[in-house]
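Protein chains in written order, with the working numbering: chain Z, 1 to 303; chain R, 1001 to 1545; chain S, 2001 to 2294.
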Ligand code: HEA
Ligand code: HEA
Ligand code: CUA
Ligand SMILES: [Cu+2]
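Right under this line is the structure:
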């Protein structure tokens, strides 16, 4: 019977071994767990994930342990005779109803706490409207009016054509790169107002702990704040089936120091001033004229 | 083939006048026997054969998926076609393979287990089966129409689904037909159980398979019409200008998801509850010990059935539903682990101090027990909203539901066939081969689906035909597991056919410590199971506990 | 329950093999095919006619068989009970079907429309996307879909709908009186009240059709008039369809009464139809309250 769980044990061992950061190598083999991420929320999510994982492992060890014990010890082939009187025991059944309830409460409490923090979108320092469409993203920095589209980069696009003959391994960041990344400052609470133009999409960057559906005609809110010392490039993908190009609408977030960000924003603003052809017009749903900073401030007050 | 050892036909005068020509020994022959069938065993057989066929087709679609995902880059199919494969795979597996397989088993077993001659409404029974081949012909033919087969996922989310080409109404109507079929089937099961039990077969004496199906039938009657409503709204949104799922008209795309999952979550328990029943029959037999906590099992099943109607939004945690909703649905979902846990513990307690042997049905039941629990654990993780923000829409979810569906539902179906096949056919199958079937399936199903946990956690979204290169290795492992698992399944029809052709004769009891009315019948069971109701003594002997 | 003269309940009637179920499947399939080719613009609406013709033929044949068997006294009480239970559970599934549409109505009224109008948690939805929209019910949405140049009027509750409520409620009463008459063997009364029931039913359908005409011509209220039009017409439309089916079944039952098919003890078909009729009645009450009135 031991062979029965061998594959699982092996996989589990692999999982345990790889939990050490050192083992999480570049190779795909090492990529077997959720990243800890670079925001307070993503780290809480990671901790919750690991908590629940270990709880399950512990329960699994007990439950599977008893099963395996029974399978090994109480074998017909060893001449064991069944104890047919053992058919009911209210006390033990109550116990194994109550214990799981307690365990579940123990997991639910931290989950609810984290969830409440995730839902707290108040007092953002920067507001970006994110619009999904088939197949790419549009970003509008509401305070400054800067706006641009972000699509799969040309090299990935070429390589991902059917029978392109291009080996994806030769393309840097295959399917995870865009022409125009979303640039954000670190250490800043950024509010995303997420919507879509055609069908439902979903904006997901694992390292930021943000996943939120983009729904045409509605706006969902999500927020993140990259840890101040974690400037870097973080990649994600659309995670709601949105048609033929669903696999091909990645998200790249370039988190920079505040100074670098401001410099970038200024130059974008200059480039997009009237006269310079605005990139963003077509994709936004009805009534899409972005609100002015004054209106935004008023909005935070109203809420 | 017909058995004469059993009690002769019950003939009321009216029968004699009108219905005598298809009494026990005069079963109809030729194609009419099947096409005009009213016998529960014939209909059950058709259901099972149909389900097997759909499993092969749905599995072939899965093989296309796994082949395309073997390595990054697009090698075999167009992305749109890939999405069609994903969609069709799920629809064929859920509505074509698992649900009809359960209805087939219900047909074969419930009358035998409750001491009835047949299902309560035999002609309705025929109708509910014969809708299915037409429904799936319609669905299958979408592969050949302009615009291709539906590609919006089995969840059919608006507004993406509305972009489907000519296949759109075909898909909708196919789903309507499948829904009608399963509603009629469920009505039949409920009425049979309520009205056809032999005298002395009290509700709390019914075998657990009957109980779980009873509750499943309630779920079906409550859930399937809601699906019909949801797809009807899709249809009118597409063709008649309604705006249920369009914000500009005051609707909401998320409304579709609420209605869909109000059906969809009970649906997944529709797929698994009968499996609980099967496992609750097999484990006691091969532990040589009555089921531990029979009544608790009944109540646990009922609570799972009830809870399944108030957890649906756990599929929608990232759609922006309000915080209070998220909290409610998180807690109610987690609660389901409690009655399910009670079941797992009771099965374990049944084995404890038993006298276990490991014939193929028991092996599949044990495989179910281990791997369903693993799937349940990942379900519990998914229920935690913050964590679901990372899991949702990734292969972690795919891993979760395949663990509960493949080594869950499918293993239970296979186990059930290995358990009751000798009773149905009167012949034994090749147990050695069946044991091989089990081990190959178990090893490869894990090779197939366990790595998908890793892929999901590492960030691979589901429903994508192409992926970033760091996901290559585990996808290759998974695909290899998939091909091997698929090939191993070919053993199954081989074993069954070999048994039917040249199996050794089986005894009536088949398994030495099997309990229940069906084992009191000879093998093969007579054409009309209990023409004469079983005596109360017989029922008491067979009672599950 | 036990009726002395009924066939022995301990024996179960096992029906013949029957061609009608497969006939039914084929008819349904033909209807679906007809609808598919119509919706995909390959043919006109006539393409659904063959399927319906088959379906009606099937119903006539199947019912003919069953009624014939029943008249021969083949069914015992257990069969009767199976039929009853089957009908009840079928009605329950119909309730759930309507439940889906009521769910859509409540969702739109309680959540979606207020959100679009700026109430509740979806603050920015209104603020950024639909700043000028006031989420009041009835509505055809922020883009004012359908209607006469974007505006429409609704059918007031206390006009035709109130009359229709009375019509349908009194038909519920008449069918109950008919049932009592049947049980007491008062044939004349049975015939009159049953006839009154389906006449009321058809009156209802007629008034409803009139109201629909009015809505389309004058009120600017159509199926495509945003979420209000969608929920209004889908709910009342499916209900009207059920009333039509129910009234037709009442006519059939009435004809059977004229032929003397039912006895005071055994009249499953009558009961089934009257249950169905009550169900249609109750659904209407829900409609009247939530669609027309509140
Ligand atoms: C047979 C089918 C089946 C079954 C039985 C289940 C069972 C469960 N499922 Fe699963 N699920 C699916 C089929 C199924 N699921 C499918 C098909 C999808 C995806 C649909 C799609 O999007 O396409 C899905 C998706 C899905 C999601 C959505 C994920 C997402 O999209 O983001 C969630 C979230 O909560 C979830 C949760 C659960 C839970 C909590 C259970 C519980 O019932 C599990 C309970 C069992 C146990 C927990 C194990 C045994 C218990 C013990 C040993 C007791 C002690 C344990 C504890 C106290 C932890 N499931
Ligand atoms: C009961 C339901 C059920 C069952 C049994 C299965 C069985 C399998 N599933 Fe499926 N699956 C779903 C239900 C099910 N699945 C659902 C609901 C989805 C979600 C869809 C969506 O996102 O909308 C899904 C999605 C899904 C995906 C994700 C697709 C995507 O996101 O794009 C994958 C990928 O690996 C997959 C694989 C498999 C495999 C390899 C099997 C195997 O177990 C199949 C094995 C069987 C056979 C292979 C057939 C028998 C053998 C032959 C015919 C011989 C020939 C074989 C060879 C050539 C090797 N499934
Ligand atoms: Cu956009 Cu998937
Ligand atoms: Cu669910």
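Quick reminder that beta carbons are idealized off the backbone N, C-alpha and C, glycines included.
The model shown is predicted, which means the values in this text are computed figures rather than measured ones.
The C-beta separation of residue 2039(S) from residue 1294(R) comes to about 51 Å, leaving the pair out of contact by the 8 Å criterion. Close partners of residue 2125(S) in chain Z (Cβ separation under 7 Å): 218, 219. Closer than 8 Å to the CB of residue 158(Z) there is not a single CB belonging to chain R.
Within its own chain, the residues whose Cβ lies closer than 6 Å to the Cβ of residue 1233(R), once the five positions on either side in sequence are excluded, are 1244, listed in chain order.
Annotation for residue 183(Z): no alpha helix (DSSP H) segment contains it, though the beta strand (DSSP E) segment containing it runs 182–185.
Distances between the C-beta of residue 135(Z) and the heavy atoms of ligand 3 include at least one below 7 Å. Proximity of the region 1298–1309 of chain R to the region 1519–1535 of chain R falls short of the contact definition, fewer than three beta-carbon pairs being nearer than 8 Å. Inter-residue distance for residue 1172(R) and residue 1331(R) is about 33 Å (C-alpha atoms, whole angstroms). Between the C-alpha atoms of residue 218(Z) and residue 51(Z) there is a straight-line separation of about 34 Å. In the three-state reduction of the DSSP assignment, residue 1087(R) falls in the helix class.
Between the region 54–70 of chain Z and the region 1478–1486 of chain R, the count of C-beta pairs closer than 8 Å stays below three; the two stretches do not touch. With contacts defined by Cβ atoms closer than 8 Å, residue 1364(R) and residue 1411(R) form a contacting pair. Residues of chain R with a Cβ closer than 8 Å to the Cβ of residue 75(Z) are, in chain order, 1355, 1356, 1357.
With a cut-off of 7 Å, the C-beta of residue 132(Z) is classified as near ligand 3, since at least one heavy atom of the ligand falls inside that distance. Non-local beta-carbon contacts of residue 1167(R) in its own chain, meaning distances under 8 Å to residues more than five positions away in sequence, involve 1142, 1145, 1147, 1148, 1149, 1150 in chain order.
Nearest CB-CB separation between residue 2094(S) and chain R: below the 8 Å threshold. The region 2045–2065 of chain S and the region 2012–2030 of chain S touch, with no fewer than 3 CB-CB distances between them shorter than 8 Å. Against chain S, a Cβ distance below 8 Å from residue 193(Z) picks out 2124, 2128. If you draw a straight line from the Cα of residue 180(Z) to the Cα of residue 153(Z), it is about 8 Å long. Counting along the chain, the unbroken beta strand (DSSP E) around residue 193(Z) starts and ends at 190–196. Residue 128(Z) and residue 170(Z) have their C-alpha atoms some 34 Å from each other. Contact annotation, residue 2098(S) with residue 2283(S): C-beta distance approximately 6 Å; criterion of less than 8 Å satisfied. For a Cβ distance threshold of 7 Å, residue set 2040 of chain S lies close to residue 1166(R), ordered along the chain. Take the alpha-carbon of residue 1444(R) and the one of residue 1086(R): they are about 21 Å apart. Close partners of residue 1479(R) in chain Z (Cβ separation under 9 Å) are lacking, with about 14 Å as the shortest Cβ gap. For the region 98–130 of chain Z, the set of residues with a beta-carbon nearer than 8 Å to any beta-carbon of chain R comprises 100, 101, 104, 107, 108, 111, 112, 114, 115, 116, 118, 119, in chain order.
For the 8 Å CB-CB criterion, residue 2229(S) and residue 2146(S) form a contact.
Residues are counted here when their Cβ sits less than 8 Å from a Cβ of chain R; for the region 238–257 of chain Z these are 238, 239, 240, 241, 242, 243, 244, 245, 246, 247, 248, given in chain order. For residue 1178(R) and residue 200(Z), the gap between their C-alpha atoms comes out near 27 Å. When CB distances to chain Z are screened at a threshold of 9 Å, the residues of the region 2112–2123 of chain S falling below it are 2112, 2115, 2116, 2121, 2122, 2123, in chain order.
DSSP, reduced to helix, strand and coil, places residue 1388(R) within a helical segment of the structure shown. Proximity of residue 1035(R) to chain S, defined by a Cβ-Cβ separation below 8 Å, is satisfied. Among the residues of chain S, those whose CB is under 8 Å from the CB of residue 1194(R) are 2085, following chain order.
Note that the region 1179–1190 of chain R touches the region 1123–1131 of chain R; at least 3 beta-carbon pairs, one per stretch, sit closer than 8 Å. Along the region 166–181 of chain Z, going in chain order, the ones with a CB nearer than 9 Å to a CB of chain R are 166, 167, 168, 169, 171, 173, 174, 175, 176.
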